[in-house]
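Protein chains in written order, with my numbering: chain H, 68 to 412; chain G, 68 to 412; chain D, 68 to 412; chain A, 68 to 412.
Virtual Cβ for every residue (Gly too), placed ideally from N, Cα, C.
One structure is given here, and the rest of the page talks about it.
Number of protein chains: 4
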Amino acid sequence: MVIIMEKGVDEKQIEYVIERLDSLGFDVHRSTGVDHTLLGVIGNTSKIDVRDMQILPGVSDAYRISAPYKLVSREFKHSNTVIDIKGIKIGGPEAVIIAGPCSVESGEQTLVVAERVSAAGAKILRGGAFKPRSSPYSFQGLGEQGLKYLREAADKFNMLVVTEVMDKDQIPLVSEYTDIIQVGARNMQNFSFIKALGTVKKPIFLKRGISATIEEWLMSAEYILSGGNKDVILCERGIRTFETYTRNTLDISAIPVVKKLSHLPIFADPSHGTGLRDKVIPMARAAIAAGADGLMIEVHPEPEKALSDGAQSLYPDQFEELMDQIRVIAEVIGRKISNKAEKVR
Amino acid sequence: MVIIMEKGVDEKQIEYVIERLDSLGFDVHRSTGVDHTLLGVIGNTSKIDVRDMQILPGVSDAYRISAPYKLVSREFKHSNTVIDIKGIKIGGPEAVIIAGPCSVESGEQTLVVAERVSAAGAKILRGGAFKPRSSPYSFQGLGEQGLKYLREAADKFNMLVVTEVMDKDQIPLVSEYTDIIQVGARNMQNFSFIKALGTVKKPIFLKRGISATIEEWLMSAEYILSGGNKDVILCERGIRTFETYTRNTLDISAIPVVKKLSHLPIFADPSHGTGLRDKVIPMARAAIAAGADGLMIEVHPEPEKALSDGAQSLYPDQFEELMDQIRVIAEVIGRKISNKAEKVR
Amino acid sequence: MVIIMEKGVDEKQIEYVIERLDSLGFDVHRSTGVDHTLLGVIGNTSKIDVRDMQILPGVSDAYRISAPYKLVSREFKHSNTVIDIKGIKIGGPEAVIIAGPCSVESGEQTLVVAERVSAAGAKILRGGAFKPRSSPYSFQGLGEQGLKYLREAADKFNMLVVTEVMDKDQIPLVSEYTDIIQVGARNMQNFSFIKALGTVKKPIFLKRGISATIEEWLMSAEYILSGGNKDVILCERGIRTFETYTRNTLDISAIPVVKKLSHLPIFADPSHGTGLRDKVIPMARAAIAAGADGLMIEVHPEPEKALSDGAQSLYPDQFEELMDQIRVIAEVIGRKISNKAEKVR
Amino acid sequence: MVIIMEKGVDEKQIEYVIERLDSLGFDVHRSTGVDHTLLGVIGNTSKIDVRDMQILPGVSDAYRISAPYKLVSREFKHSNTVIDIKGIKIGGPEAVIIAGPCSVESGEQTLVVAERVSAAGAKILRGGAFKPRSSPYSFQGLGEQGLKYLREAADKFNMLVVTEVMDKDQIPLVSEYTDIIQVGARNMQNFSFIKALGTVKKPIFLKRGISATIEEWLMSAEYILSGGNKDVILCERGIRTFETYTRNTLDISAIPVVKKLSHLPIFADPSHGTGLRDKVIPMARAAIAAGADGLMIEVHPEPEKALSDGAQSLYPDQFEELMDQIRVIAEVIGRKISNKAEKVR
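Quick look at the structure:
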């Protein structure tokens, strides 16, 4: 941290700031410039609130020199984190595609989707069994029965499962069925929950909060890593902006930004990111072109009858066409996307 | 809900929409205008997603006629909700002032603040024992010991206690010590948690999420009321905007807006709303002038040594001065704020 | 400006940065800390783009120490700027109220409003003759005829006139009729225009852009002052946020923030700030409680028939009631608002 | 427009609304539903302010059925607008690349950039001669001399010129040198200026305002088309969000949204959109993958010495590599990007 004292500051004010930092256990490097005295604070300043320094008498401003996160940073670990789950490698040269319905609605629906998306090259099956809904009157998911349908469908087509957990009490139950635990955007700063995920033995799929900065998002990942769980996958899923035509604004630039700041894999979810089926396809292409390590895409056999988010779910045929397009785009930047599967049934 | 069909829509498309609504259990009132056919959907449409209608073939647009919330609305209950806690009435003619430190740091600190703020007219003592922090390396609160300090100080000066609960597991423990359960901004859409609060026998102090619309906030209150707990106090605490000089932007206009839409009491928290001590005072005055039912204000005996949020905490003397000012302002709009207490010790 | 070099930076990279600054005419104060080398840049750095420094090899970050504005800052001029126009003092102890219709629609309408608002204590008459409208098909104002109506009505009731100018070509014409030139929010960063206002001999009423930071707003005022015109009045008129219930979100905290950063008078416009008549009154009270130097309020004799912004215009009776309320509030913070006028006609 | 009356509304209130609409020249289609009476307003309602209807007594809400723009809409004109300038077709099957320095700094700099970017396949040369700067103390451009350098360089390498005009007075001068007139983001709602562009005989390159919705942007284009100039190219250049790591957030989803709503060509500017050189390349790829009709990219021979925006300018070698990548991506969606030119000098 660097603290800049006001022009013409009183020597006593400088001493007060130094004493205050000393009492907090920091060394201070003092530098007297022509106009301003600068104080360089030495040590791990991540636990000091910058605002507490800015408000001290005689202080003009204070800035952090280092990022407030550590374990998630590329400075701390240079090489990409690659998470290997039953042989599927996330964060490696192959971009991995997650697909499936918004909500698990029935065993049949889940099987149909799993068959189609795995045939097209998706490796991971998604589907919500516990649904966070802004209205208490909306469909809240099938619960454990939904988890069973998901696991069965995934096993039949040799896929992994990712599904959302809504609080720490659900972790044990959901862990019996899923390979990856998804944290929804609204829970990104539910600190009790993400702290608990630090001791879980499953990879975490951490969605970005709807108005979170990238730094806040990485700080939430830091909670998980600092608890001991190193397997975090980040997922950009759209931020809130003034544009109302789309449901959210998918921040494609977050992909290269995260790639530079962190070693963790970064995915994009164009379904929630746009909320509109015909925008999912161009945005999925854009995310791969920008370097995403994977995509999460909602697919439904009959979107117009979906119990949630039908408006943003692709038809299976559209998903297949999209996969063909992104295979070519991935190669442009030296990535790969898995081929269509041989017919299974 | 009103559904507007496109100009020149196919009769079959109209029929498809009507069938779809019928299968969901709704009656439809069809009206054929010069340019557009309108479909009025009759019944409780709060469980339909507007976007699912907008995406049907031939549909131009769809709008909700009624608000998606019901129990919290002033339409549903005309008179103001007044919550009586041990004789202190929240939402009545008297604006009620909550004050205290950001975090409970010690028994002594809590006692000193409680004495000063109660003397100045505050009726409720605030203080955090479990702190939601964006960094895992920041001070996380004293836990149960903090709750004890808070209760002791409040009892000594005849005050109520409000303190934050971070997840549903903490509810039983914190309920032993507090009179009011605070839900932090980042938990406003933690649906597992707020659903659990619907069956709790304590009033809930529900802060607005940092980028939540007023409608989303009221929907979260609806979760609590629909679970059976009618005692919800709303608190505007600043929204995220592009302005960086203040920590957040306190949305003063939310006060009259909520007053019109809902019967629930509405408070303001100018401490988190601005993040800067010298802005707390004018914004506290503004909130009272706009009709707030009360304020939550951070006060610390030595803000420059606070373990959290010192930058936004008032000195006890400043708090006293503020109380004198808002007493006059409250009267302008026919409200009252309690007088200074007689010396207690 | 302070430039912080990366940990373990190459000596050549440090030298390159110093040379670069030297070639731009700056002296550099170098300070070698334990972890980081800091470079203090001496001189007027307002013409350097911080990002150009941040991108140089070996640079970790760069920060401005001083604000990018100078003439508008309270550091530069400690005492409040008081603008005296025909004996009416803006920025002094008395808060000055501007009122009138959104658009000038007729001579009669303007006279009726002027009579009522001046009787209630307003000192300045507002009204648009050239209207910036987001649709080319909306009413665009009466033009010069509107200016005439405005001047006549103001003269009859001994008021000043403020009206909007939309580009630099209109300055000479409008100057014949108005006492104060208003710059609309959408023109706050129309640099050709605001540069031209620097040489005008009329006070400028500069509205904040809809998504402008306070710093950007002050920079626009700096353009005007640096051109030679010292008489700028700032006006907060609502910023764009995610809340849709109100038209904009009136940033009341901008009032104390501007008061601290600048010596210029700061007004608030709760009419545009909320867009809703019944929210104008509480927000006007809030602005005065927060320390505004004045208000701009839309009043219309028959708002429901207004050609623009009827939804946010007060009835004359409401305006009168509001004036009575804010007179009391102003006194709480040692301000004054002028009394009701003696009947004139 | 559809107006929804409140439940249990008074018959007189309905009649008042109908009379009001009648006096404004509209026919009304009345439909009495079970709960609500709906009024369908027939005619061109683009000049009515929705808020004026919402505020009438007894009205629950009011919605526009049709978009407020007409000439720019795809409903009005189904086929894509293709603008042919000296044989270069904008909006056709070929995506057209604009490149050049942020500011024209010298004849030599401009020539060097033009040679390199045209060799790589760029067809249009960009460069600022009049620069809108947020500080009055920043470099404001070379003026007419800059225009001359730009024209000479473009002519030498057989390119078109696009450059920014800052107000209507500059139109005649700049028109002598440029092929396309650029309107900057801060001028998107400078209505005097964009109205004047409706009668100009040059295509207009209209950047999206920093916090403008797509609808507001299209309304500004509507101003130009309604004045008679049909040749408008839209350019997404990043919107303001809470993310501070990037300068702005390039809204890639605006590309498919505009393509659906309008027949006008849509470009993207990843240089301003991100503000960071190493983010320009992935975002340029993303824009092409999402279906952009072209890109505007800043290239500088020595970005670290640029007088403006050096931090976001590509080195010529980077630009060449980018062109190779987007050629492949364009083909995925059936588009083309022109090949490298034969060496010219």
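Closest in alpha carbon position to Ser-202/A, among Glu-369/D, Gly-188/D, Lys-137/D, is Lys-137/D. Not one beta carbon of chain D lies nearer than 7 Å to the beta carbon of Val-117/G. Here DSSP, grouped into helix, strand and coil, assigns Leu-214/G to helix.
Contacts between Glu-142/G and chain D, judged by CB atoms closer than 9 Å, are missing: the closest CB pair is about 15 Å apart. Only residues of its own chain outside the window of five on either side were considered, and among them Tyr-216 have a CB closer than 6 Å to the CB of Gly-174/A, listed in chain order. Between the beta-carbon of Ala-408/A and that of Ala-186/A there is about 5 Å, and that keeps the pair under the 8 Å contact cut. The Cβ atoms of Lys-326/G and Tyr-290/G lie no closer than 7 Å to each other. With contacts defined by Cβ atoms closer than 7 Å, Ser-338/H and Val-139/H do not form a contacting pair.
Close to chain A, meaning a Cβ-Cβ distance shorter than 7 Å, are the following residues of the region 276-301 of chain D: Ile-277, Ser-278, Glu-283, Met-286, Glu-289, Tyr-290, Ser-293. Note on the region 117-146 of chain A: whole alpha helix (DSSP H) runs with a minimum of 4 residues are 117-121, in chain order. Secondary structure note for Lys-274/D: it is in no alpha helix (DSSP H), and the uninterrupted beta strand (DSSP E) holding it is 271-274. The count of Cβ pairs closer than 8 Å, one atom from the region 247-259 of chain D and one from the region 272-284 of chain D, reaches three, so the stretches are in contact. When DSSP assignments are scanned along the region 237-265 of chain A, the uninterrupted stretches of beta strand (DSSP E) that are 3 or more residues long and fall wholly within it turn out to be 247-250.
Assignment of beta-bridge partners to Thr-230/H by DSSP yields Ile-248/H. The C-alpha of Met-363/H lies about 25 Å from the C-alpha of Lys-114/G. Within the DSSP bridge table, the entry for Cys-169/D names no partner.
Judged by beta-carbon spacing, Leu-123/H lies beyond the 7 Å limit of Val-171/H, meaning their Cβ atoms are not closer than that value. When rounded, the separation of the alpha-carbon atoms in Ile-109/A and Leu-88/A is 10 Å. For the options Lys-268/A, Lys-269/A, Gln-237/A, Thr-177/A, the alpha carbon positioned closest to that of Phe-260/D is the one of Gln-237/A. Taking a 10 Å sphere around the C-beta of Lys-153/G, we find fewer than 16 other C-beta atoms and assign the residue as exposed. Within the region 349-378 of chain A, contact with chain H at the beta-carbon level (separation under 8 Å) is assigned to Pro-349, Met-350, Arg-352, Ala-353, Ala-354, Ile-355, Ala-356, Ala-357, Gly-358.
Using a CB distance below 7 Å, the part of the region 301-321 of chain D facing chain G consists of Ile-306, Thr-308, Phe-309, Glu-310, Thr-311, Tyr-312, Thr-313, Thr-316, Leu-317, Asp-318, Ile-319, Ser-320, ordered along the chain. No Cβ of chain D is located within less than 7 Å of the beta carbon of Pro-383/A.
Sixteen is the threshold: when 16 or more other Cβ atoms of the shown chains lie within 10 Å of the Cβ of Glu-303/G, as they do, the residue is buried. Here the alpha carbon of Ala-166/D sits roughly 6 Å from the alpha carbon of Arg-193/D. Within the region 322-338 of chain G, those residues whose Cβ lies closer than 9 Å to any Cβ of chain D are, in chain order, Ile-322, Pro-323, Val-324, Lys-326, Lys-327, Leu-328, Pro-337. Below the 8 Å Cβ cutoff, chain H contributes Glu-371 as neighbours of Leu-123/G, in chain order. The DSSP-derived three-state label of His-96/H is strand.
By the Cβ test, the region 146-160 of chain D is not in contact with the region 344-357 of chain D, since fewer than three Cβ pairs between them sit closer than 8 Å.
Taken through DSSP and simplified to helix, strand or coil, Val-366/G comes out as strand.
Around the beta carbon of Gly-213/G, a 10 Å sphere encloses 16 or more other beta carbons of the protein chains shown; the residue is thus reported as buried. When secondary structure is reduced to three states using DSSP, Ala-335/G falls in the strand class. With a cut-off of 8 Å on Cβ pairs, the region 383-400 of chain H is in contact with the region 350-370 of chain H, counting three or more such pairs.
By the neighbour-count criterion, in which a residue is buried when 16 or more other Cβ atoms sit within 10 angstroms of its Cβ, Gly-305/H is buried.
Scanning its chain for C-beta atoms nearer than 8 Å, with the 5 sequence neighbours on each side dropped, one finds around Ile-150/H the residues Lys-156, Ile-157, Gly-158, Pro-270, Asp-298, Ile-300, Pro-332, in chain order. The Cβ of Ser-113/G sits no closer than 7 Å to any Cβ of chain A.
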